[in-house]
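Chemist: Here it is: the structure, laid out below.
Numbering (the working numbering), first residue to last: 129 to 274.
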């Protein structure tokens, strides 16, 4: 009986994590879209520097909120940041490249941005949950209880 309750709790916790991550990612997305729009439309930067600047700001926001509230990790922050930086060391050049190339062939910059943000949401959640915080989820709440 306890195992069934543990499984339900774990399932509920996974759903809660996905929802929190999505909501925080939406708030980071708002920051990213506003920043991108200001740099692209007002400052008249081309796609890739506007995208890159907006991405960096949204990553910092998202990392901070998700570490504390979604995954409740007491993990070593610099190590967690390095792991996230490694994810972005792959994602950023790829997404900057494909975004730039798609914009050169006439794709709408906001369509590129939206599709890239969805790709980022899914892959970052999986990487964050199963790599960055794999062994430290809820460690902050368990440390507070001690």
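Glycine included, every Cβ here is placed at the ideal spot set by N, Cα and C.
Between which two residues does the alpha helix (DSSP H) holding residue 201 run?
Modeler: First-last for residue 201: undefined, no H or E at that position.
Chemist: State the Cα-Cα distance for the pair residue 207 and residue 221, rounded to the nearest angstrom.
Modeler: 22 angstroms
Chemist: Use the C-beta contact count for residue 170: other C-beta atoms within 10 angstroms, 16 or more gives buried, fewer gives exposed.
Modeler: exposed
Chemist: Restricting to Cα atoms, I'd like to know which of 235, 249 and 211 is closest to residue 262.
Modeler: 211
Chemist: Give me, in chain order, the residues of the same chain whose beta-carbon lies closer than 8 angstroms to that of residue 180; leave out the 5 immediate sequence neighbours on both sides.
Modeler: 220 and 224
Chemist: Starting from the C-beta of residue 182, find all residues in its chain whose C-beta is less than 6 angstroms away, skip the five residues before and the five after it, and write them out in chain order.
Modeler: Contacts found: 160, 163 and 164.
Chemist: Okay, do the region 146-158 and the region 185-193 touch, 3+ Cβ pairs below 8 angstroms being the bar?
Modeler: yes
Chemist: Between residue 249 and the rest of its own chain, which residues show a CB-CB distance below 6 angstroms, the 5 nearest in sequence each way excluded?
Modeler: Cβ within range, chain order: 153.
Chemist: Buried or exposed, going by whether 16 or more other CB atoms sit within 10 Å of the CB of residue 252?
Modeler: buried
Chemist: Give me, in chain order, the residues of the same chain whose beta-carbon lies closer than 6 angstroms to that of residue 274; leave out the 5 immediate sequence neighbours on both sides.
Modeler: Low per-residue confidence applies at residue 274: pLDDT is 44, beneath 50, and the placement is therefore not dependable, though the value from the model is reported in the following sentence. Within the same chain, residue 274 has no close Cβ partners at all.
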